[in-house]
Amino acid sequence: MNGIHDMGGVHGYGPIIREADEPVFHHVWEGKALALARVGLAGGHFNLDEFRHAMERIAPVDYLAISYYERWLEGTLMMLDDKGVVTTEEFEARLQELSGERA
Amino acid sequence: MKITREAVLGLYKQTGTARVDADAAASFQVGDTIQARNINPTGHTRLPRYIRGKRGQIATDHGVFKFADSLAHGAGAQPQHLYSVRFTARELWGGEAPARDSLYIDLWDDYLEPA
Numbered sequence: 322m323n324g325i326h327d328m329g330g331v332h333g334y335g336p337i338i339r340e341a342d343e344p345v346f347h348h349v350w351e352g353k354a355l356a357l358a359r360v361g362l363a364g365g366h367f368n369l370d371e372f373r374h375a376m377e378r379i380a381p382v383d384y385l386a387i388s389y390y391e392r393w394l395e396g397t398l399m400m401l402d403d404k405g406v407v408t409t410e411e412f413e414a415r416l417q418e419l420s421g422e423r424a
Numbered sequence: 022m023k024i025t026r027e028a029v030l031g032l033y034k035q036t037g038t039a040r041v042d043a044d045a046a047a048s049f050q051v052g053d054t055i056q057a058r059n060i061n062p063t064g065h066t067r068l069p070r071y072i073r074g075k076r077g078q079i080a081t082d083h084g085v086f087k088f089a090d091s092l093a094h095g096a097g098a099q100p101q102h103l104y105s106v107r108f109t110a111r112e113l114w115g116g117e118a119p120a121r122d123s124l125y126i127d128l129w130d131d132y133l134e135p136a
């Protein structure tokens with residue numbers, strides 16, 4: 322796929338900024354996003370190459386705007402929907418439910 | 022499927038590899054000059070755009086590996102040789118690139134044709 326992810330040789334993104342003493346995760350949810358992806362892989366719901374291709378299919382504008390683990394989360398959600406494990410409708414319904422609990 | 026603690030630990034401890042114990046004929050030998058195919062699949066590929074159509078040399082034959090492009094689309098592992106291929110910086114980026122620089126990239130047999 323000739324997508325936004327294939328960035329080799331592309332100019333204009335500025336220098337790579339290396340963070341000193343970078344933590345493994347910057348937020349607790351990032352670890353959970355990683356775990357969710359790994360559980361989906363371990364459970365045989367999707368394979369690594371399907372997962373990578375899911376991330377490639379994130380809309381280009383979003384792909385550039387979101388963080389590394391946001392891409393993992395988006396990719397996992399796409400896979401879970403594609404494979405019928407958790408549909409987008411079920412996911413949205415649960416989001417509604419949780420926001421209701423919080424209100 | 023129930024995912025147990027042991028299964029998760031195993032997943033993290035094992036070194037995941039796509040190497041397979043399968044017979045597949047190698048289309049190329051170390052030292053061969055190849056040209057990367059100019060393919061533009063709409064699905065998953067590990068052949069970056071900047072390599073397509075470029076000429077390089079087989080540096081190492083890693084052996085037989087599962088093919089990511091087919092695995093990403095339910096088309097099976099299609100085991101085939103995976104090579105480390107050397108491209109000069111000048112081949113990839115033109116005459117202004119440093120003469121001594123080169124790039125090594127792992128490419129599957131299906132990506133390559135004789136040059």
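Note that the protein sequences, when read in sequence, are chains C and S.
As numbered in the numbering used here, residues 322 to 424 make up the first sequence, in order.
As numbered in the numbering used here, residues 22 to 136 make up the second sequence, in order.
The beta-carbon is built from N, C-alpha and C at its ideal position, and this holds for glycine as well.
- The straight-line gap separating the alpha-carbon atoms of L103 of chain S and L113 of chain S is approximately 20 Å.
- Taking 9 Å as the cut-off, the beta carbon of Q56 of chain S is found closer than this to the beta carbon of A136 of chain S.
- The residue among S:V85, S:A98, S:S123, S:R107 with its C-alpha nearest the C-alpha of A46 of chain S is S:V85.
- Considering only C:R415, C:E422, C:H366, the residue with the shortest C-alpha distance to G405 of chain C is C:H366.
- Per DSSP, the unbroken alpha helix (DSSP H) holding G352 of chain C starts and ends at 349-363.
- Between E395 of chain C and H94 of chain S, the gap from beta carbon to beta carbon reaches 9 Å or more.
- Sequence-distant partners of R67 of chain S (beyond 5 residues in either direction) whose C-beta falls short of 6 Å from its own C-beta, in its chain, are A89.
- Per DSSP, the unbroken alpha helix (DSSP H) holding H374 of chain C starts and ends at 369-377.
- The three-state reading of DSSP puts I24 of chain S in coil, since its state is none of H, G, I, E or B.
- Annotation for S105 of chain S: the continuous beta strand (DSSP E) segment containing it runs 101-109.
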